[in-house]
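*Asks:*
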Amino acid sequence: MLEKIFKLKENNTNAKTEIVAGITTFMTMAYILAVNPSILSAAGIDSTAVLLATCIASFIGTAIMAFTTNMPFALSAGMGLNAFLAYTVVLGFGYTWQVALFAVFVEGIIFILLSLTNVREAIFNAIPLPLKNAVSVGIGLFIAFIGLQNAKLCVANSSTLVSIVSFTDNFKTVGIGALLAIIGTIITAILYIKKVKGSILIGILVTWILGMLCQLIGLYVPDAAAGFYSLYPSFAITDFTKLGETFGQCFNIDFKGVGIFNFIVILFSFLFVDLFDTLGTVIGVSTKANMLDENGRLPKIKNVLLSDAVATSAGAVLGTSTVTTFVESSAGVAEGGKTGLTSFTTAILFLVSMFFAPIFTAVPSFATAPALIIVGFLMFSNIAELKLDDKNYTTAIPAYITIIAMPLFYSIAEGISMGVISYVLINLVCKKHKEISPIMYVLALLFILKYIFL
C-alpha cells in the first residue's frame, strides 16, 4: 500500500528510511509546540488552544503536502510570522488577535488563488538557478545560526551584537546546555560521517538523554523563571476543550478601530514575508534533495504552494499564526527522505503530539540544535554549485548577497529580496538585460516598494 501511494522504489527509497526521516523532521520541528504557544499567548491567546491549533494545522498542511505532492516537506506555524503577529500587530499596533488571525486567513485565500493561477509557480521558475543554489546555502547558514541561538551558544552582545556564551556564568542552566549542544553536534557529525542511519535523530535523542543525566546528578538545575525547565517528560493530560476559545474566532472581529488602509498594510506584510519565506524554503530544500530538473524547476510546485496556502487559512481558523513550509524539512531530507511518506510520518506525529504534548515539548532546544547545525552544513555544501570566477560575477555577487543577508538579517525573505534586487540592477547596468526575465523586473520593483512603504 505504501509503495502504491508514495512510489518508494521509483524514488530509490524504502519505508524504514522515510519513516526515520519523518521522525527526524518532527523532532527538529517539535520546539514549535513549546515556542508558538509562548509567543502567541503574549497576544492574549490561550496557550493550550494555540498548542492544539498548531498540532492540528500542522497535521492538515503536512498531510495535504504528502498526498498531493509526494514530497518530504513539513509545515507548521512559522517562526518570525508568529512574533510579527503577537509583538507588532497586537502589542505594537494595538489590534486584537482576532483581527490579526483574520489577516492571516485572507492571506491564505489570496495565496490559494495565486497558486491556482500559476503566479507563485511563475515566480519560482523565474528565479535563476545560481540564486536558487544561493538560497540553499543561505538557508544553511540561517538554520545553523538558529541552532547556535537555540543552544544559547550564540548570545546578544551590546558592542558586537552577537558573541559566544560565557560557559562559567549560569553554568547549571545556560552553560551546561551550550556544552551539551557542542557535544551533541560532535556526536551527530561523527555518526553522519560514519553513515549511521538515523544519525541526526540519534544525535537529538543522545543529547537529550545526556541532559537528563546532567539533571539527575545536579549539573543541570531547572529554573522556570529563566526559561529552563525540567528535561524529564511529564504525562499531563491536554485540555482539548480549550480549542473552542480560538476556533473560528478570526471571523469574530470589529473593523471600526482598524481602518481599511491599516488592515491592508498588515495583510501585505504577512503576504510578503510568507510568500518569499515559503519560496526560499522550497527552493533550498528541493535543491539539496536534487528534486529540481535540468532547468531548475520543481515538478508539482503548484501543489506544494497550494498545500502551503490551504494550511495557512486552516491554521487561522483553528487559532494559530501563519502555517508555512518549514526549513527543518531539510533535516528529514538529510536522513534520506524523498517522498510524501516522510512528511506523512511527520504529520501523524503532530496529530499524536496533541495527546502527548508535554512529552514532546520536554525536548530541550539545546538537543535539537546539533541537528540544525549539521543540516546547515549539508545545505551549505551547495556553494560548490556556484561559479565564482570573474566571468560569472553578475550572478555570483547577487548570490553572495543572498547568502549573507539571510543569517545577518534573520530572514529568508530578506535574502531573496536583496538577491533579486541586486541581480536585476547589476545585470542591467552591466548590459546583460537579456539574462533578466520580465518577472524578475517585477519582483525587484515590488521588493523596492516594500522597503519604502512597509
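So the working numbering is basically just the index in the sequence shown, starting at one, shifted up by 528.
C-beta: ideal position from N, C-alpha, C; glycine also.
Fair warning: this is a prediction, and the values are worked out from it, not measured in the lab.
(1) Could you round the C-beta distance between Gly843 and Ala585 to whole angstroms and report it? I think they count as a contact, below 8 Å.
(2) If you follow the beta strand (DSSP E) that Ala890 is part of, which residue opens it and which one closes it?
(3) State the DSSP-derived secondary structure class of Val724, mapped to helix, strand or coil.
(4) Grab the span of the alpha helix (DSSP H) containing Ile932 for me, first residue to last.
(5) Let me make sure I understand the geometry here. Which of Ala706, Ala662, Gly772 and Leu741 has the alpha-carbon closest to that of Ile925?
(6) Could you tell me how far apart the beta carbons of Val851 and Ala631 are, in whole angstroms, since I believe they sit closer than 8 Å?
(7) What did DSSP end up calling Asn590 once you bin it into helix, strand or coil?
(8) If I measure Cβ to Cβ from Asn955 and keep anything under 6 Å in the same chain, skipping five residues before and after, which residues do I get?
(9) Got a sec? Which residues, its chain only, sit under 7 Å from Gly776 by beta carbon, not counting five neighbours each side?
(10) Enumerate in chain order the residues of its own chain whose CB-to-CB distance from Val838 is below 8 Å, with the five nearest sequence positions on each side excluded.
(11) So which of Val702, Phe884 and Glu546 has the shortest CA-CA distance to Asp751?
(12) Count the other C-beta atoms from every protein chain shown that fall within 10 angstroms of the C-beta of Pro892, then say buried if there are 16 or more, exposed otherwise.
(13) If you follow the beta strand (DSSP E) that Ala605 is part of, which residue opens it and which one closes it?
(14) Enumerate in chain order the residues of its own chain whose CB-to-CB distance from Asn539 is below 6 Å, with the five nearest sequence positions on each side excluded.
(15) Does the beta-carbon distance from Ala895 to Thr735 come in below 7 Å?
(16) In terms of residues, what are the limits of the beta strand (DSSP E) holding Ser691?
(17) Just mark Glu531 as buried or exposed, buried being the case when its beta carbon has 16 or more other beta carbons within 10 Å.
(18) Roughly how many angstroms separate the alpha carbons of Leu803 and Ile732, rounded to a whole number?
(19) Identify, in the order they occur along the chain, each residue of the same chain with its Cβ nearer than 7 Å to the Cβ of Leu799, setting aside the five sequence neighbours on each side.
(20) So, under 8 Å CB-CB, Gly597 and Ser835 are touching, yes? Tell me the CB distance rounded to an integer number of Å.
(21) Taking the alpha helix (DSSP H) that Val832 falls in, what are its first and last residues?
(22) Would you decide whether Gly984 is buried or exposed? Buried here means 16 or more other CB atoms lie within 10 Å of its CB.
(23) Our contact map puts Leu613 next to Lys770 with C-beta atoms below 8 Å; I'd like the distance itself, whole angstroms only.
(24) Would you mind stating whether Pro898 and Phe670 have Cβ atoms separated by less than 7 Å?
(25) State yes or no: is the C-beta of Gly666 within less than 7 Å of the C-beta of Gly943?
(26) In chain order, which alpha helix (DSSP H) runs of at least 4 residues are fully inside the region 709-770?
(27) Which residue spans inside the region 620-699 form an unbroken beta strand (DSSP E) run of at least 3?
(28) Contact check, Val855 vs Gly812 under 8 Å by CB: the rounded distance?
(29) Below 7 Å CB to CB, which residues in the same chain sit around Thr696 once its five sequence neighbours on both sides are set aside?
(30) What's the gap between the Cα of Thr541 and the Cα of Gly739?
(31) Are there 16 or more other CB atoms within 10 angstroms of the CB of Leu741, so buried, or fewer, so exposed?
(32) Taking buried to mean at least 16 other C-beta atoms within 10 Å of its own C-beta, is Thr545 buried or exposed?
(33) Quick one: Cα of Asn910 to Cα of Pro761, how far?
(34) Among Val861, Lys915 and Leu974, which residue has its Cα nearest to the Cα of Thr809?
(35) How about Leu914 and Ala927: do their beta carbons lie closer than 7 Å?
(36) Who pairs with Val851 in a beta bridge, going by DSSP?
*Replies:* Concretely, from the data shown:
(1) As a first step, residue 843 must be located in the sequence shown, where it is residue number 315. As a first step, residue 585 must be located in the sequence shown, where it is residue number 57. Contact flag correct, Cβ pair sits at about 4 Å.
(2) The sequence position of residue 890 within the sequence shown is 362, counting from 1. Careful: Ala890 lies outside any beta strand (DSSP E) and carries neither H nor E.
(3) Within the sequence shown, residue 724 is the residue found at index 196, counting from 1. In the structure shown, Val724 falls within a coil segment according to DSSP collapsed to helix, strand and coil.
(4) As a position in the sequence shown, residue 932 is number 404, starting the count at 1. Residues Tyr921 to Leu936.
(5) The sequence position of residue 925 within the sequence shown is 397, counting from 1. Taking only the C-alpha atoms, the option nearest Ile925 is Ala662.
(6) Counted from its first residue, the sequence shown places residue 851 at position 323. Counted from its first residue, the sequence shown places residue 631 at position 103. Not really, about 14 Å apart at Cβ, beyond 8 Å.
(7) Here residue 590 refers to the residue found at position 62 when the sequence shown is read from its first residue. One detail in the question is off: residue 590 reads as Thr in this sequence, not Asn. Three-state DSSP puts Thr590 in a helix.
(8) Taking the first residue of the sequence shown as position 1, residue 955 is located at position 427. Counting only Cβ-Cβ distances below 6 Å, and skipping sequence neighbours, we find Thr922, Glu963 and Ile964.
(9) In the sequence shown, the residue the question calls residue 776 occupies position 248. Here the set comprises Val845.
(10) Against the sequence shown, residue 838 aligns to sequence position 310. Cβ within range, chain order: Ile588, Gly589, Ile592, Gly636 and Ile640.
(11) In the sequence shown, the residue the question calls residue 751 occupies position 223. It is Val702 whose Cα lies nearest to the Cα of Asp751.
(12) Start at 1 with the first residue of the sequence shown, and residue 892 comes out as number 364. Buried: at least 16 other Cβ atoms inside 10 Å.
(13) Residue 605 sits at position 77 when you count from the first residue of the sequence shown. It spans Leu603 to Ala605 - the beta strand (DSSP E) in which Ala605 sits, taken as one unbroken run.
(14) Indexing the sequence shown from 1 puts residue 539 at position 11. Around Asn539: Lys866 and Thr867.
(15) On the sequence shown, residue 895 is found 367 positions in, with the first residue counted as 1. On the sequence shown, residue 735 is found 207 positions in, with the first residue counted as 1. The answer is yes: Cβ separation under 7 Å.
(16) Taking the sequence shown and counting its residues from 1, one reaches residue 691 at position 163. Its beta strand (DSSP E) spans residues Leu689 to Ile692.
(17) Working through the sequence shown from its first residue, we reach residue 531 at position 3. Counting Cβ neighbours within 10 Å, Glu531 comes out exposed, since fewer than 16 surround it.
(18) Taking the first residue of the sequence shown as position 1, residue 803 is located at position 275. Taking the first residue of the sequence shown as position 1, residue 732 is located at position 204. Taking the straight line joining both Cα atoms gives about 31 Å.
(19) If you number the sequence shown from 1, residue 799 lands on position 271. Cβ neighbours of Leu799 beyond the five flanking positions: Glu635 and Ile638.
(20) Counted from its first residue, the sequence shown places residue 597 at position 69. Counted from its first residue, the sequence shown places residue 835 at position 307. As written in the sequence, residue 597 is Thr, which differs from the Gly given in the question. With 8 Å as the limit, Thr597 and Ser835 qualify as a contact, their Cβ atoms being about 7 Å apart.
(21) Here the question's residue 832 lines up with position 304 in the sequence shown. In the DSSP assignment, Val832 falls within the unbroken alpha helix (DSSP H) covering Ile829 to Leu846.
(22) Examination of residue 984 is not possible in this model, given that the chain is present from 529 through 982 alone.
(23) Within the sequence shown, the letter at position 85 stands for residue 613. Within the sequence shown, the letter at position 242 stands for residue 770. That pair is no contact at about 19 Å.
(24) By 1-based counting over the sequence shown, the position of residue 898 is 370. By 1-based counting over the sequence shown, the position of residue 670 is 142. The answer is no: Cβ separation not under 7 Å.
(25) Residue mapping note: residue 666 aligns to position 138 of the sequence shown, counting from 1. Residue mapping note: residue 943 aligns to position 415 of the sequence shown, counting from 1. In contact: Gly666 and Gly943 (Cβ atoms closer than 7 Å).
(26) Within the region 709-770, the runs of alpha helix (DSSP H) at least 4 residues long that lie entirely inside it are, in chain order, 727-745.
(27) 682-685 and 689-692
(28) Numbered from 1 along the sequence shown, position 327 holds the residue referred to as residue 855. Numbered from 1 along the sequence shown, position 284 holds the residue referred to as residue 812. The distance from the Cβ of Val855 to that of Gly812 is about 7 Å, consistent with a contact at the 8 Å cut-off.
(29) On the sequence shown, position 168 is the one that residue 696 refers to. These residues qualify, in order along the chain: Gly703.
(30) Numbered from 1 along the sequence shown, position 13 holds the residue referred to as residue 541. Numbered from 1 along the sequence shown, position 211 holds the residue referred to as residue 739. If I take the Cα positions, the gap works out to 33 Å.
(31) Indexing the sequence shown from 1 puts residue 741 at position 213. Burial call: exposed.
(32) The residue labelled residue 545 in the question sits at position 17 within the sequence shown. So Thr545 ends up on the buried side.
(33) Here residue 910 corresponds to residue number 382 of the sequence shown, with the count starting at 1. Here residue 761 corresponds to residue number 233 of the sequence shown, with the count starting at 1. Whole-angstrom Cα-Cα distance: 38 Å.
(34) Mapped onto the sequence shown, residue 809 falls at position 281. Thr809 has its Cα closest to that of Val861, out of Val861, Lys915 and Leu974.
(35) As a working note, residue 914 is residue 386 in the sequence shown. As a working note, residue 927 is residue 399 in the sequence shown. Yes, Cβ-Cβ distance for Leu914 and Ala927 is below 7 Å.
(36) By one-based count along the sequence shown, residue 851 stands at place 323. Answer by DSSP bridge pairing, in chain order: Ala605.
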